[in-house]
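Asker:
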Amino acid sequence: MYSHLLQPLDLGFTQLRNRVLMGSMHTGLEDSASGLAKLAAFYEERAKGGVGLIVTGGFSPNLRGRLYPTAAQFSRSKHAESHKIITEAVHKHDGKICLQILHAGRYGYHPLAQSSTPAKAPIARFAPSEMSTKQVLGTIEDFANSAKLPKMRVMMALN
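Throughout the sequence shown, residue numbering follows UniProt numbering, covering 1 to 159 in sequence.
1. Ends of the beta strand (DSSP E) at Gln100?
2. Closest by CA to Ser146, which one among Ala80, Pro111, Lys92, Gly35?
3. Using 10 angstroms around the beta-carbon of Arg76, count the other beta-carbons present and answer buried if the total reaches 16, otherwise exposed.
4. Could you confirm whether any beta carbon from chain B is found closer than 7 Å to the beta carbon of Arg125?
5. By DSSP's criteria, Leu5 is part of a beta bridge. Which residues make up the other side?
6. Quick check on Ser32: does DSSP put it in helix, strand or coil?
7. Determine the burial state of Gln114: buried for a count of at least 16 other Cβ atoms within 10 Å of its Cβ, exposed for fewer.
8. Ignore the nearest five residues each way along the sequence and tell me which others in Ala37's own chain have a CB closer than 8 Å to its CB.
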């Protein structure tokens with residue numbers, strides 16, 4: 001029934017060793033001081049175990065898109081440089097990794113959260129401020145900036 005699951009998959013620009021994908025999940029390691037080293041070890045074990053493609057937990061493209069005030073952000077060269085430890089750990093075992101760039105929108109758990117709607121999410125403590133057209137365009141630019149940061153070439157893709 002699942003005879004192709006462990007077969008390689010050619011995506012054109014790269015090949016996955018199999019079709020096993022580890023979906024994005026937030027471990028809480030993304031946000032702690034020594035978290036990236038621990039995250040590298042966490043993802044390395046999955047790559048060593050045979051996962052073909054790993055999708056990281058979400059990293060915000062800007063301050064107001066964070067899930068909570070101290071949540072991880074991926075918007076500067078220093079952020080990209082610090083992720084090198086993760087990609088090297090995964091690539092060491094022939095795994096591929098994809099960075100999830102995530103804007104929390106109305107699910108942001110802080111008073112600076114922005115969204116296309118001012119409606120408070122049921123799980124959020126604060127109602128977001130509604131984004132203007134200019135802010136939406138700025139956020140699109142922030143996503144593009146995150147995607148083209150130096151060292152991003154070591155990641156296989158963006159989510």
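Note that beta-carbon positions come from the ideal geometry of N, C-alpha and C, so glycine has one too.
Answerer: Concretely, from the data shown:
1. From DSSP, the beta strand (DSSP E) with Gln100 extends over 96-101.
2. For the residues Ala80, Pro111, Lys92, Gly35, the minimum Cα distance to Ser146 belongs to Ala80.
3. Classification for Arg76: exposed.
4. Among the protein chains of the structure shown there is no chain B, as only one such chain exists.
5. Residue pairing by DSSP places Leu5 in no beta bridge whatsoever.
6. Correct three-state label for Ser32: coil.
7. Buried.
8. Short of 8 Å from the beta carbon of Ala37, and not among the five residues preceding or following it, lie these beta carbons of its own chain, in chain order: Ile85.
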